[in-house]
């Protein structure tokens, strides 16, 4: 395979990024990969979160600042968004609330979805396992939001709420 | 404490038994969960006092949990470098966990199926590892264990984002499910890069088990999920299983092709590997891996007869055992002292000769 950049050398560095089933590939030779290092990493940064943050971290931070000054530093552990960008790791669970907006879009870029559908700790479990239909509705809701079908999304949201309330009532009935 | 660790050298973990579904290709299945305690800073921001508190709480939690029977608990600070490396070679702790000693610990369940790292990148890294393609069973075990632990330990969790972890790549389920596969025929027939490339395209990660990047030594690879959020644990496991089935199919086809078209060359390669392993006086770990990989293929294809007098008793479990016991820290633990690199090569050759019934 020939390098995408110089079209001469054998490509040895292969980068693949998949976001929401959209795949982008880049094949480079070692020299071009080094030369383009920064650019490449920032574009294809998801395998290494650190690199990814270096790129779009700036706009994320701007977003974070718009929200109002006090939220920029985590009150629990003292981490700033700048710190997070540098180390690529969060300081405590409260950071997730402090940097909610930025993390939401980052999580979406990394995982393709920002909504947890997996298990929950025992104390918080509304039912032994979230019902399959509830998961399906949540998935449809995500799809509707992505496609900006807001009316459908609102309907789905109501159905989800109704189901969750039902589960809550069932749970309350149990001793 | 160290005495307890020495007991491990006299046994082999459950996952090395070489049994279970598709164990001719899938060596082992592993599921790990990343968990943190709420209200306590993650490793990045934790002070020594916080780490000590995390360790105390988790130890208490583990001892209250019936799911993990009679755990051995080792604090990294009690172990020397060789002991810590020994745990890495056994896949009980991560390489990263072995590098530092501050309030880090590991709890190991019976049969080495369950292990829990404390104060690694996350407060808890729970893992279940078993022989063969047994991701579902591993998930069932770890799911129950995690439920039990969550009764004693308040986890950091959000309804929107799931389990909150130090690194965003684990946020959500906090789960990484992986399988260790042996793909010698795909390597011999030069199809491996194509297959690994396809795997990564499908949202999974594939890397060499030993050696750097995808340049795997000994033809062993680890395949795992990349995404942890937006899918249920069952769905994540299903995806790996589905893709893995295809990889296994390709490897089987390649093996059949080698047997029907290049049987002589294949047998020659395997018997030469066997010959060297049985007679070498000194051998490096790299060469050992390559030769054991060839021997394992011979055993899996039934080419190395296990009925003959000399080859009696050579099965997958023996090869698996040698893969682990021929590594540096294991050799030094067996010897009971530190060994230089060349001393290890001699010791390694002796160990393998004896185990394979060659001249001692």
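Chains as they are written, first to last, in this note's numbering: chain A, 1 to 175; chain B, 1 to 360.
Just so it is clear, CB atoms sit at the ideal spot from N, CA and C, and this is done for glycine as well.
(1) Out of curiosity, what's the CA-to-CA distance linking residue 248 (chain B) and residue 54 (chain B)?
(2) Assign residue 107 (chain B) to one of three DSSP states: helix, strand, or coil.
(3) Leaving out five residues before and five after residue 139 (chain A) in sequence, what residues of the same chain have Cβ atoms less than 8 Å from its Cβ?
(4) Just reading off the beta strand (DSSP E) that residue 357 (chain B) is part of, what are its end residues?
(5) Am I right that residue 296 (chain B) and residue 316 (chain B) are in contact with their C-beta atoms under 8 Å? What's the rounded C-beta distance?
(6) For residue 117 (chain B), does the three-state DSSP call read helix, strand or coil?
(7) Beta-carbon of residue 27 (chain A) versus every beta-carbon of chain B: anything under 7 Å?
(8) For the structure I just gave you, are there three or more beta carbon pairs, one from the stretch 28-43 of chain B and one from the stretch 127-135 of chain B, closer than 8 Å?
(9) Would you mind telling me which residues of chain B sit closer than 7 Å to residue 110 (chain A), beta carbon to beta carbon, in chain order?
(10) For residue 75 (chain A), go through chain B and note every residue whose CB falls closer than 7 Å to its CB, in chain order.
(11) State buried or exposed for residue 133 (chain B), treating a residue as buried only when at least 16 other CB atoms are found within 10 Å of its CB.
(12) How should residue 287 (chain B) be labelled, buried or exposed, when 16 other C-beta atoms within 10 angstroms of its C-beta is the threshold for buried?
(13) Look up residue 219 (chain B) in the DSSP assignment and give the residues it is bridged to.
(14) Pull up the DSSP beta-bridge partners for residue 175 (chain B), would you.
(15) According to the Cβ coordinates, are residue 328 (chain B) and residue 354 (chain B) closer than 7 Å?
(16) Kindly indicate which three-state DSSP category residue 327 (chain B) falls into: helix, strand or coil?
(17) Can you pull the chain A residues whose beta carbon is under 9 Å from the beta carbon of residue 102 (chain B), in chain order?
(18) DSSP state of residue 1 (chain A), grouped into three classes?
(19) Cβ of residue 139 (chain B) less than 7 Å from any chain E Cβ?
(20) Of the choices B:137, B:39, B:337, whose alpha-carbon is the least far from that of residue 75 (chain A)?
(21) For chain A, check one thing: does any of its Cβ atoms lie closer than 7 Å to the Cβ of residue 42 (chain B)?
(22) Whose Cβ in chain A lies nearer than 7 Å to the Cβ of residue 190 (chain B)?
Reading off the structure:
(1) As a first step, residue 248 (chain B) must be located in the second chain, where it is residue number 248. As a first step, residue 54 (chain B) must be located in the second chain, where it is residue number 54. One C-alpha to the other measures close to 41 Å.
(2) The sequence position of residue 107 (chain B) within the second chain is 107, counting from 1. Three-state DSSP puts residue 107 (chain B) in a strand.
(3) As a first step, residue 139 (chain A) must be located in the first chain, where it is residue number 139. Closer than 8 Å at Cβ, skipping near neighbours: 117.
(4) Your numbering for residue 357 (chain B) matches position 357 in the second chain. That residue, residue 357 (chain B), is in no beta strand (DSSP E); it is neither H nor E in DSSP.
(5) As a first step, residue 296 (chain B) must be located in the second chain, where it is residue number 296. As a first step, residue 316 (chain B) must be located in the second chain, where it is residue number 316. The distance from the Cβ of residue 296 (chain B) to that of residue 316 (chain B) is about 7 Å, consistent with a contact at the 8 Å cut-off.
(6) Translated into the one-based positions of the second chain, residue 117 (chain B) becomes position 117. Here residue 117 (chain B) sits in strand by DSSP.
(7) The sequence position of residue 27 (chain A) within the first chain is 27, counting from 1. For residue 27 (chain A), the answer is no, since every Cβ of chain B falls outside 7 Å of its Cβ.
(8) Yes: at least three Cβ pairs fall under 8 Å.
(9) Your numbering for residue 110 (chain A) matches position 110 in the first chain. The answer, in chain order, is 168, 169.
(10) Locating residue 75 (chain A) in the first chain gives position 75, where the first residue counts as 1. The premise fails here: residue 75 (chain A) is roughly 12 Å from chain B at the closest Cβ pair, so nothing lies under 7 Å.
(11) As a working mapping, residue 133 (chain B) is identified with position 133 in the second chain. Buried, since its Cβ has 16 or more Cβ neighbours within 10 Å.
(12) Locating residue 287 (chain B) in the second chain gives position 287, where the first residue counts as 1. Residue environment analysis places residue 287 (chain B) among the buried positions, since at least 16 neighbouring C-beta atoms fall within 10 angstroms of its C-beta.
(13) Looking up residue 219 (chain B) in the second chain gives position 219. According to DSSP, residue 219 (chain B) bridges with nothing at all.
(14) Counting from one through the second chain, the residue named residue 175 (chain B) turns up at place 175. Paired residues: B:33.
(15) Within the second chain, residue 328 (chain B) is the residue found at index 328, counting from 1. Within the second chain, residue 354 (chain B) is the residue found at index 354, counting from 1. Not a contact, by the Cβ cut-off of 7 Å.
(16) Position 327 of the second chain holds residue 327 (chain B). If DSSP states are grouped into helix, strand and coil, residue 327 (chain B) belongs with coil.
(17) In the second chain, counting from the first residue as 1, residue 102 (chain B) sits at position 102. Near residue 102 (chain B) there are no residues of chain A at all, since even the closest Cβ is about 17 Å away, more than 9 Å.
(18) Translated into positions along the first chain, residue 1 (chain A) becomes position 1. In the structure shown, residue 1 (chain A) sits in coil (DSSP, three-state: anything other than H, G, I, E or B).
(19) In the displayed structure, chain E is absent; the protein chains listed are A and B.
(20) Along the first chain, one-based indexing puts residue 75 (chain A) at 75. Selected option, being the one with the closest Cα: B:39.
(21) Numbered from its first residue, the second chain carries residue 42 (chain B) at position 42. With 7 Å as the cut-off, residue 42 (chain B) counts as an interface residue toward chain A.
(22) In the second chain, counting from the first residue as 1, residue 190 (chain B) sits at position 190. Under the 7 Å cutoff, chain A gives no residues; its nearest Cβ is about 14 Å from residue 190 (chain B).
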